[in-house]
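Asker:
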Amino acid sequence: MFASIRSRCLPARQLASTARAAASCARTVFPASRLGCRASYHKPARSEAFKRLTKDDLAYFKAIMPSETVLATAQVGGTADAIELEGFNADWLNKYRGDSQLVLRPKTTEQVSQILQYCNTHRIAVVPQGGNTGLVGGSVPVHDEVVLSLRNMSKIRSYDELSGILVCDAGCVLEELGNYVGERGHIMPLDLGAKGSCHIGGNVAANAGGIRFLRYGSLHGSVLGLEVVLADGTVLDNLSTLRKDNTGYDLKQLFIGSEGTLGVVTGVSVATPQKPSAVNVAVLGVPTYECVQRAFKLARKRCGEVLSAYEFWDANCMGAVLRHHELKSPLGAEFPFYVLIETSGSNKEHDDEKLGALLEELMEEGIAEDGALAQDDSQIARMWSMREGIPESLGKTGPTYKYDVSIPIPVLYDIVGDIARRLETAGLYKPGDATRPVKLVCGYGHIGDGNLHLNVVAERFEDRVTEIFEPYVYEWVASHRGSISAEHGVGLMKRDYLRYSKSPEMIAYMKRVKDLFDPNHILNPYKVV
Ligand code: FAD
Ligand code: MLT
Ligand code: ZN
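Take 10 as the starting number for the sequence shown in the numbering used here and just add one per residue.
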């Protein structure tokens with residue numbers, strides 16, 4: 010039973026038992042036909058600068074790596090069925106789809122190096138792929154690029170329990186790393202709903218944010234070193250385990266967030282923080298977005314040193330989660346907004362006292378109208394699964410357009426109402442009317458980081474829907490000096506909109522960096538710049 014914060018006297022409400030792990034993104038690829046969706050994105054034309062694969066190319070790859078790590082269709086001389094490549098060609102949203110006929114799953118850095126050297130010499134385009142949970146069309150081919158999957162590179166190379174520095178292969182799954190360091194008294198510095206599938210290399214390449222960002226900051230801070238294979242096969246061994254190293258340019262930073270366009274990450278050195286001994290989680294029902302902000306301000310004031318997460322979601326998100334997960338709200342009623350507050354520290358009594366005082370103040374001031382405090386680890390997990398289950402629940406509701414933006418907190422939620430009104434004016438959306446092409450417009454996110462996830466759930470991906478909010482969303486964000494990607498990256502989805510967040514001079518220099526590391530542009534072509 011959750012402890013209710015309203016004088017701790019509300020009737021007990023039992024949540025159905027849904028493990029947090031269940032919400033942690035079991036990867037589901039719906040065949041396009043089943044959802045009736047078609048690609049509604051600009052697919053750039055195939056560049057004829059890239060070679061089309063032949064049987065000779067396949068023979069080369071088979072000579073340098075074990076045959077079970079090479080997956081090729083008959084079109085390029087292999088025996089695999091196209092369906093076997095489906096999971097590598099379609100993205101998590103089932104929005105972006107490529108037509109690769111060859112998937113390579115190397116086991117060593119040396120094999121990655123040989124693959125890239127060959128592809129560079131022969132102008133064969135390559136898409137590096139981790140867990141394929143990316144949300145911007147960056148992890149799947151656009152046309153017939155070779156998929157270079159890191160999933161067979163999943164060894165822990167070393168772990169220093171004193172410093173908490175972990176060195177591992179890029180293909181290690183984030184959740185498995187969390188379990189490994191957890192058994193040794195540490196946690197990973199990042200956590201996100203896709204942890205059960207995403208790789209640490211993919212996290213680094215995407216510069217993923219997630220729910221621990223507020224406390225532990227960005228991967229630009231926690232990644233200490235990388236091993237990267239460049240387009241020509243050169244191995245850049247920068248797998249430092251030093252916290253401080255001021256010897257010249259910090260090249261690894263260029264690869265963090267480069268989305269597979271500058272090199273293939275094969276090894277990662279990352280600092281893992283001490284596991285907090287006291288964790289508290291509360292969920293609040295909040296009447297307005299203004300109150301969401303006021304609660305955040307007060308949470309920082311009263312619990313600043315132990316506050317480790319501050320997330321919010323709106324009523325439409327909550328509705329989707331409750332419909333699609335076996336969860337019940339820990340609160341007694343429905344609210345326009347929900348807030349999840351987490352504290353993490355080393356002194357339970359101290360944290361309990363601080364959080365308790367904060368929650369009571371929020372209730373007394375009318376900033377929160379109801380609240381529930383988790384009483385044990387399983388309740389903490391269920392509260393988190395409510396928040397982390399949002400993307401999957403929206404996906405089950407229908408094809409989802411996702412915008413992932415940084416906007417100043419005071420106006421952060423305004424864009425959700427704005428987009429809903431535009432869709433209503435166009436006759437495409439009416440709240441509660443399931444016959445309209447758009448089913449849901451909703452917002453959630455990492456409000457402590459100024460990061461909103463605006464989602465539009467539709468009947469199908471189609472241009473008449475997209476054109477209502479694209480490029481309008483990007484213009485809106487730029488007019489508030491925000492970022493069109495807070496954490497998901499650019500990929501294919503936003504490559505034509507980079508100018509809304511980067512000046513022409515910045516883009517020109519990004520292109521020069523790309524030319525330097527990958528002069529033949531074989532790495533993840535058509536994406537980012
Ligand atoms: P992929 O999706 O395979 O690839 C992502 C990008 O990195 C692609 O451009 C790919 O080419 C490149 N890449 C992958 N591996 C390598 C490599 N070894 N070397 C070079 N390039 C590589 N993101 C957040 O920031 N915060 C969140 O809270 C968050 N939550 C999510 C929740 C769900 C349910 C889902 C489905 C996604 C979420 N994401 C989130 C998006 C996504 O960025 C992360 O899931 C993750 O970081 C991607 O890792 P991956 O291994 O799946 O990479
Ligand atoms: C999240 O915060 O849940 C992720 O970034 C995924 C999403 O935006 O849906
Ligand atoms: Zn997010």
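Built from N, CA and C at the ideal position, the CB exists for glycine as well.
For the ligand MLT, is there a heavy atom less than 7 Å away from the beta-carbon of E496?
Answerer: For the purposes of this step, residue 496 is taken as the residue at position 487 of the sequence shown. For the ligand MLT, a non-hydrogen atom lies closer than 7 Å to the CB of E496.
Asker: Exposed or buried, which one is G205 when buried takes at least 16 other CB atoms within 10 Å?
Answerer: Residue mapping note: residue 205 aligns to position 196 of the sequence shown, counting from 1. Buried: at least 16 other Cβ atoms inside 10 Å.
Asker: Report, in whole angstroms, the separation of the C-beta atoms of P417 and F470, which I expect to be a contact under 8 Å.
Answerer: Position 408 of the sequence shown holds residue 417. Position 461 of the sequence shown holds residue 470. So it is not a contact: roughly 30 Å between Cβ atoms.
Asker: Mind checking who V238 pairs with in its DSSP beta bridge?
Answerer: Translated into positions along the sequence shown, residue 238 becomes position 229. BP columns for V238 point to V244 and V273.
Asker: Could you tell me which residues DSSP pairs with S540 in its beta bridges?
Answerer: In the structure as shown, the chain begins at 10 and stops at 538. Residue 540 is therefore absent and cannot be evaluated.
Asker: On a CA-only basis, which of R224, L199, V237 and L223 is nearest N212? Give me that one, please.
Answerer: For this step, residue 212 is matched to residue 203 along the sequence shown. Checking every option, the nearest Cα to that of N212 belongs to L199.
Asker: How would you label I133, buried or exposed, when you count the other beta carbons within 10 angstroms and need 16 or more for buried?
Answerer: Position 124 of the sequence shown, counted from the first residue, corresponds to residue 133. Buried: at least 16 other Cβ atoms inside 10 Å.
Asker: Three-state secondary structure (DSSP) at V420?
Answerer: Counted from its first residue, the sequence shown places residue 420 at position 411. V420 falls in the helix class under three-state DSSP.
Asker: Is it right to say I531 is buried, meaning 16 or more other beta carbons lie within 10 angstroms of its own, or is it exposed?
Answerer: Here residue 531 is taken as the residue at index 522 of the sequence shown, counted from 1. So I531 ends up on the buried side.
Asker: Could you round the C-beta distance between N129 and D241 to whole angstroms and report it? I think they count as a contact, below 8 Å.
Answerer: Taking the sequence shown and counting its residues from 1, the one referred to as residue 129 is at position 120. Taking the sequence shown and counting its residues from 1, the one referred to as residue 241 is at position 232. That pair is a contact at about 5 Å.
Asker: Beta-carbon within less than 6 Å of H497's beta-carbon, same chain only, minus the 5 sequence neighbours each way: which residues are those?
Answerer: Taking the first residue of the sequence shown as position 1, residue 497 is located at position 488. Cβ within range, chain order: L144, V145 and D413.
Asker: Using the Cβ count rule (16 or more neighbours within 10 Å means buried), how would you classify R430?
Answerer: Position 421 of the sequence shown, counting from 1, holds the residue named residue 430. Counting Cβ neighbours within 10 Å, R430 comes out exposed, since fewer than 16 surround it.
Asker: Whose CA, out of D385, C300 and D386, lies closest to the CA of F344?
Answerer: What you label residue 344 is simply residue 335 of the sequence shown in a count that begins at 1. The candidate whose alpha carbon is nearest that of F344 is C300.
Asker: Report back the beta-carbon spacing between V273 and L157 to the nearest angstrom; my notes put them in contact at under 8 Å.
Answerer: Your numbering for residue 273 matches position 264 in the sequence shown. Your numbering for residue 157 matches position 148 in the sequence shown. Sure, about 6 Å apart at Cβ, within 8 Å.
Asker: Cβ of S167 within 7 Å of any heavy atom in the ligand FAD?
Answerer: Taking the sequence shown and counting its residues from 1, the one referred to as residue 167 is at position 158. The answer is no for S167.
Asker: Among the candidates L271, Q283, Q126 and R221, whose CA atom is the shortest distance from the CA of V190?
Answerer: In the sequence shown, the residue the question calls residue 190 occupies position 181. That would be Q283, whose Cα lies nearest to the Cα of V190.
Asker: What residues are listed by DSSP as bridge partners for E351?
Answerer: The residue you call residue 351 lines up with position 342 of the sequence shown. Note: E351 sits in a beta bridge opposite V290 and A318.
Asker: Nearest-angstrom Cα distance between G107 and A99?
Answerer: In the sequence shown, counting from the first residue as 1, residue 107 sits at position 98. In the sequence shown, counting from the first residue as 1, residue 99 sits at position 90. Their Cα atoms are separated by approximately 7 Å.
Asker: Once you ignore the five residues that flank R47 on each side, which residues in its own chain have a CB closer than 6 Å to its CB?
Answerer: Against the sequence shown, residue 47 aligns to sequence position 38. Reliability fails at R47, whose pLDDT of 44 lies under 50, so the model's placement of it is uncertain and no value is given.
Asker: When you compare the stretch 459 to 478 with the stretch 512 to 523, are there three or more beta-carbon pairs, one atom per stretch, that lie closer than 8 Å?
Answerer: no
Asker: Roughly how many whole angstroms lie between the Cα atoms of G436 and T297?
Answerer: Against the sequence shown, residue 436 aligns to sequence position 427. Against the sequence shown, residue 297 aligns to sequence position 288. The straight-line gap from Cα to Cα measures roughly 26 Å.
Asker: Would you list the residues sitting across from L111 in a DSSP beta bridge?
Answerer: Sequence index remark: in the sequence shown, residue 111 carries index 102 (1-based). The partner list for L111 (beta bridge, DSSP) reads A81.
Asker: Say whether the stretch 308 to 316 touches the stretch 354 to 369, bearing in mind that this needs 3 or more beta-carbon pairs closer than 8 Å, one atom from each stretch.
Answerer: yes
Asker: Helix or strand or just coil, what does DSSP make of N464?
Answerer: Counted from its first residue, the sequence shown places residue 464 at position 455. It is a strand residue.
Asker: Closest by CA to K439, which one among V420, A467 and D423?
Answerer: For this step, residue 439 is matched to residue 430 along the sequence shown. Shortest Cα-Cα distance from K439 to any of V420, A467 and D423 involves A467.
Asker: Given 7 Å as the limit, tell me if V274 has its C-beta closer than that to any heavy atom belonging to the ligand FAD.
Answerer: As a first step, residue 274 is located in the sequence shown; it is residue number 265 there, counting from the start. Because some heavy atom of the ligand FAD lies under 7 Å away, the Cβ of V274 counts as near it: yes.
Asker: Have a look at the DSSP bridge pairing and note the partners of V425.
Answerer: Sequence index remark: in the sequence shown, residue 425 carries index 416 (1-based). In the DSSP output, where bridge partners are listed per residue, V425 has none listed.
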